[in-house]
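Novice: My questions all concern the structure below.
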Ligand code: OAD
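In this note's numbering, the protein residues as written are 8 to 245.
Below, the structure is given as structure tokens:
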């Protein structure tokens, strides 16, 4: 069984990774669900919705600033690095729900941020979009146009950036293999991507210490951590 899947992976020319918070867990960034997950301690409805932001922009900004500081001091782990390394051998795309930028810092060049980025800001009114380079002197930070700036992330109830989502569907529908890493697949529409790959007959591999709602459609589930399993998978292909 494992040999068959390993063989299919070796033959795959076009490999897509779908990643979630679990891939950055070993870099010291907490996941959302599970034992030490952020949503055990915090209520997403008061921190990660557009209504919450307008109700208490300072609180939401403080929460994102604390996470941004933690993310900036974190380093890519062997899981992120292995995915970046695979670009030497295959066409690789990374469709990530993470906002931490660690795939790019590891060297991946073809990253689609489905849920935006904590490193960029955008204006709530005008079309300003920028990278955050310094700490803010006041929260919420204000745009030159006089309106509030917000983190450039996708909150619950908001649509994904349409061009990125369209590309994600295209890549998922045409890849030879999809490797789903560190996501509970609890959040739509990102959790549909493995279905597109399956419909195209791609080999589906999951890397997750726990079972997920899509484990049953996987060709192989590696019950292992990302930092351990991904370098081994990449070695098979390289
Ligand atoms: P979750 O926190 O829902 O799931 C993390 C997954 O990673 C779980 O299935 C864990 O079993 C697995 N995991 C934990 N440690 C791991 C490790 N070292 N290696 C591999 N896997 C590991 O995170 P996401 O699925 O990314 O959205 O969550 C999706 C979205 O829900 C996030 O983008 C965020 C959140 O609410 C918004 O804030 C809009």
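Ideal Cβ positions, reconstructed from N, Cα and C, are used throughout, including at glycine.
1. When the Cα of residue 172 is compared with those of 207, 118 and 221, which residue comes out closest?
2. Verify the contact flag: residue 15, CB atom, against every heavy atom of the ligand OAD, threshold strictly below 6 Å.
3. Determine the contact status of residue 219 and residue 191, defining contact as a CB-CB distance below 7 Å.
4. My understanding is that residue 123 touches residue 159, with C-beta atoms under 8 Å, so please give their C-beta distance in whole angstroms.
5. Could you pull the start and end residues of the alpha helix (DSSP H) that residue 218 belongs to?
6. What did DSSP end up calling residue 234 once you bin it into helix, strand or coil?
7. In whole angstroms, what separates the C-alpha of residue 33 from that of residue 64?
8. Buried or exposed: which applies to residue 51, given that a residue is buried once 16 or more other Cβ atoms fall within 10 Å of its Cβ?
9. In this structure, does DSSP put residue 58 in helix, strand or coil?
10. Helix, strand or coil for residue 42 per DSSP?
11. Could you check the C-alpha separation between residue 240 and residue 46 for me, to the nearest Å?
12. What do you reckon, are the CB atoms on residue 203 and residue 186 nearer than 7 Å?
13. Going by other Cβ atoms of all chains shown within 10 Å of its Cβ, with 16 needed for buried, is residue 59 buried or exposed?
14. CA-CA distance, residue 77 and residue 96?
15. Using CA coordinates, which residue listed in 90, 105, 197 and 104 is at the minimum distance from residue 116?
16. Could you check whether residue 154 and residue 132 sit closer than 7 Å to each other, using their CB atoms as the reference points?
17. For the segment 171 to 227, list the beta strand (DSSP E) runs that are entirely contained and at least 3 residues long, ordered along the chain.
18. Going by DSSP, what residue range makes up the beta strand (DSSP E) through residue 102?
19. Alpha carbon to alpha carbon, how far is residue 28 from residue 39? Give it in angstroms, no decimals.
Specialist: Answer, in terms of the structure:
1. Along the chain shown, read from residue 1 onward, the residue named residue 172 stands at position 165. Of 207, 118 and 221, the smallest CA-CA separation from residue 172 is found for 118.
2. One-based indexing of the chain shown puts residue 15 at position 8. No.
3. Your numbering for residue 219 matches position 212 in the chain shown. Your numbering for residue 191 matches position 184 in the chain shown. It is a contact, given that the beta carbons lie within the stated cut-off.
4. Translated into positions along the chain shown, residue 123 becomes position 116. Translated into positions along the chain shown, residue 159 becomes position 152. So it is a contact: roughly 5 Å between Cβ atoms.
5. Stepping through the chain shown from its first residue, residue 218 is reached at position 211. Per DSSP, residue 218 belongs to no alpha helix (DSSP H) and is neither H nor E.
6. Taking the chain shown and counting its residues from 1, one reaches residue 234 at position 227. In the structure shown, residue 234 sits in a helix (DSSP, three-state: H, G or I).
7. The sequence position of residue 33 within the chain shown is 26, counting from 1. The sequence position of residue 64 within the chain shown is 57, counting from 1. Looking at the backbone, the Cα of residue 33 and that of residue 64 are separated by about 30 Å.
8. Stepping through the chain shown from its first residue, residue 51 is reached at position 44. With fewer than 16 other Cβ atoms within 10 Å, it is exposed.
9. As a first step, residue 58 must be located in the chain shown, where it is residue number 51. In the structure shown, residue 58 sits in a helix (DSSP, three-state: H, G or I).
10. If you number the chain shown from 1, residue 42 lands on position 35. Three-state DSSP puts residue 42 in coil, outside helix and strand.
11. The residue given as residue 240 occupies position 233 in the chain shown. The residue given as residue 46 occupies position 39 in the chain shown. Between the alpha carbons of residue 240 and residue 46 lies a distance of about 31 Å.
12. Position 196 of the chain shown, counting from 1, holds the residue named residue 203. Position 179 of the chain shown, counting from 1, holds the residue named residue 186. Contact: no.
13. Mapped onto the chain shown, residue 59 falls at position 52. Result: buried.
14. As a first step, residue 77 is located in the chain shown; it is residue number 70 there, counting from the start. As a first step, residue 96 is located in the chain shown; it is residue number 89 there, counting from the start. If you take the alpha carbons of residue 77 and residue 96, they lie about 32 Å apart.
15. Looking up residue 116 in the chain shown gives position 109. Here the closest residue by C-alpha is 90.
16. Reading the chain shown from its first residue, position 125 is the one you call residue 132. Reading the chain shown from its first residue, position 147 is the one you call residue 154. The answer is yes: Cβ separation under 7 Å.
17. Runs found: 184 to 188 and 210 to 214.
18. Position 95 of the chain shown, counted from the first residue, corresponds to residue 102. Unbroken beta strand (DSSP E) run through residue 102: 98 to 103.
19. The residue you call residue 39 lines up with position 32 of the chain shown. The residue you call residue 28 lines up with position 21 of the chain shown. The alpha-carbon atoms of residue 39 and residue 28 are separated by roughly 7 Å.
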